[in-house]
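J.: Reminder that position 82 of the sequence shown reads as 89 in the numbering used here, one-by-one numbering, no gaps. Note that the Cβ used here is the ideal one computed from N, Cα and C, for glycine as well. Please read these numbers as outputs of a predicted model, since none were measured by experiment.
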Amino acid sequence: MNENGLTADPATWVGNNFISVKQLTPEGLQLLFSVAKEMKALVRASGGDDRLKHKVLANVFYEASTRTSCSFQAAMLRLGGSVVCVNESSSSVKKGETLGDTIRCLECYADVTVLRHPVKGSALEAVEATSKPVLSAGDGVGEHPSQALLDTFTIDDEFSDSGGMEGKTVVLLGDLKHGRTVHSLAKLLARSGVAGISLRYCSPDVLRMPDDVKEEVAKYGLPQEEFTDLRAALDGADCLYVTRVQKERFESEEAYDKVKDVYIVDNDVMKSAKDTCKILHPLPRVGEIKEEVDSDPRAAYFRQMENGMFVRMALLSLVLGKAR
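See below:
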């Protein structure tokens, strides 16, 4: 992995992998934002184009996914490319095939691979097995870098009339121990180069943000605070990023049941938030945001999901050398 290797020069993206937010420079992030805005305008105007015609994406998911899998597929199709899909139930992993062998075989058919895997470090293993680009769609409790891209893009876009991400206080709520989305988002906000961002972590004590993430954020001088009380964390905040408690990461049902409903965002809770506070969620939700909140104009999570397609269109275009 080439840390800080993805810059404002589109040539640095061509043929490259994307498995960690550490690969991005602040200027590289702004390039991605710029291309994503172009993709949004393209879809609005004509639905897409054929710049990736005759290119093939291998969409390899060893964990369940709706939004990430479908948005990568939609992104490729809107740019004229094709998709082959592999999941654990349909692949030769059931016969004992290694991840490395699967990736080596798929590079014979595809130009780029998107990988979701339950084991931390699997994205790097895939990179070492192929000469073609690998884009991580999440590896266990590690990172989810393309989600962090769409999350930062959404925050910047939601506040486009008030300086974007600059000067914003972001609350990360819920399962911060297991949540790869919040791990990547905290790191990317820290290294974004945008001034005045501060982070608040709100979780039960047993689901606190890991020390290694906090240490990485601290390198960039961002203020960090920890809370257990949601209303206290919300006071004066600009953005509330909600995550579900991840049942699949717990060793027992009993341990999960103790914390699953600690935080529930409803209309009453949102009375404690600023009128301009935006609510994000990577989804799926399992009760931590009540559906009554969906009609609140501050609820940005479905706009966030659409942004995921634009961001992944930009990412595919950049790594396949067709962004400009």
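1. Name the one or two DSSP bridge partners that Ile-286 has.
2. Classify Phe-317 as buried or exposed, calling it buried when 16 or more other Cβ atoms lie within 10 Å of its own Cβ.
3. Which runs of the beta strand (DSSP E) at least 3 residues long sit entirely within the segment 17 to 101? Give them in chain order.
4. Using 8 Å as the Cβ pair cut-off and three pairs as the minimum, do the segment 129 to 142 and the segment 17 to 33 touch?
5. Can you say whether Val-91 is buried or exposed, counting buried as having 16 or more other CB atoms within 10 angstroms of its CB?
6. Determine the direct distance from the alpha carbon of Phe-79 to that of Thr-73, and round the result to whole angstroms.
7. Is it the case that the Cβ atoms of Tyr-116 and Val-63 are separated by a distance below 8 Å?
8. State the DSSP-derived secondary structure class of Cys-209, mapped to helix, strand or coil.
9. Would you check if there are 3 or more beta carbon pairs closer than 8 Å linking the segment 172 to 179 to the segment 145 to 157?
10. So, under 8 Å CB-CB, Ile-271 and Gly-243 are touching, yes? Tell me the CB distance rounded to an integer number of Å.
11. Terminal residues of the continuous alpha helix (DSSP H) containing Arg-198?
12. Short of 8 Å in beta carbon distance, which residues of its chain neighbour Ala-155, apart from the five on each side in sequence? Order them along the chain.
13. Bridge partners of Asp-301, per DSSP?
14. Considering only their Cβ atoms, is the gap separating Ser-210 from Gly-181 smaller than 8 Å?
15. Would you call the CB atoms of Asp-163 and Phe-40 closer than 8 Å?
16. Specify, as a first and last residue, the run of the alpha helix (DSSP H) that Ala-239 falls within.
17. How would you call Lys-47, buried or exposed, if buried means at least 16 neighbouring beta carbons within 10 angstroms?
18. Tell me which residue opens and which closes the beta strand (DSSP E) that Ser-143 is part of.
19. Can you grab the Cα-Cα spacing for the pair Thr-159 / Gly-171, in whole Å?
T.: With the given structure in hand:
1. Counting from 1 along the sequence shown, the entry for residue 286 is found at position 279. According to DSSP, which records beta bridges pairwise, Ile-286 is partnered with Leu-247 and Ala-306.
2. Working through the sequence shown from its first residue, we reach residue 317 at position 310. Buried, because 16 or more other Cβ atoms sit within 10 Å of the Cβ of Phe-317.
3. 63 to 68 and 89 to 94
4. yes
5. One-based indexing of the sequence shown puts residue 91 at position 84. Answer is exposed; the Cβ neighbour count stays below 16.
6. One-based indexing of the sequence shown puts residue 73 at position 66. One-based indexing of the sequence shown puts residue 79 at position 72. Whole-angstrom Cα-Cα distance: 10 Å.
7. Residue 116 sits at position 109 when you count from the first residue of the sequence shown. Residue 63 sits at position 56 when you count from the first residue of the sequence shown. Contact: yes.
8. Numbered from 1 along the sequence shown, position 202 holds the residue referred to as residue 209. In this structure, Cys-209 counts as strand in the three-state DSSP scheme.
9. no
10. Mapped onto the sequence shown, residue 271 falls at position 264. Mapped onto the sequence shown, residue 243 falls at position 236. Contact doesn't hold; Cβ gap of about 21 Å is too wide.
11. In the sequence shown, the residue the question calls residue 198 occupies position 191. Its alpha helix (DSSP H) spans residues 187 to 198.
12. Taking the sequence shown and counting its residues from 1, one reaches residue 155 at position 148. So the list reads Val-28, Thr-188, Ser-191, Leu-192, Lys-194 and Leu-195, once near-sequence residues are dropped.
13. The count along the sequence shown starts at 1 and reaches residue 301 at position 294. Answer is none; Asp-301 lacks a bridge partner.
14. Numbered from its first residue, the sequence shown carries residue 181 at position 174. Numbered from its first residue, the sequence shown carries residue 210 at position 203. A contact, by the Cβ cut-off of 8 Å.
15. In the sequence shown, the residue the question calls residue 163 occupies position 156. In the sequence shown, the residue the question calls residue 40 occupies position 33. In this structure, Phe-40 lies closer than 8 Å to Asp-163 by Cβ.
16. In the sequence shown, counting from the first residue as 1, residue 239 sits at position 232. Its alpha helix (DSSP H) spans residues 237 to 241.
17. By 1-based counting over the sequence shown, the position of residue 47 is 40. When all chains shown are included, Lys-47 counts as buried.
18. Position 136 of the sequence shown, counting from 1, holds the residue named residue 143. Residues 141 to 146.
19. The residue you call residue 159 lines up with position 152 of the sequence shown. The residue you call residue 171 lines up with position 164 of the sequence shown. In a straight line, the C-alpha of Thr-159 is about 10 Å away from that of Gly-171.
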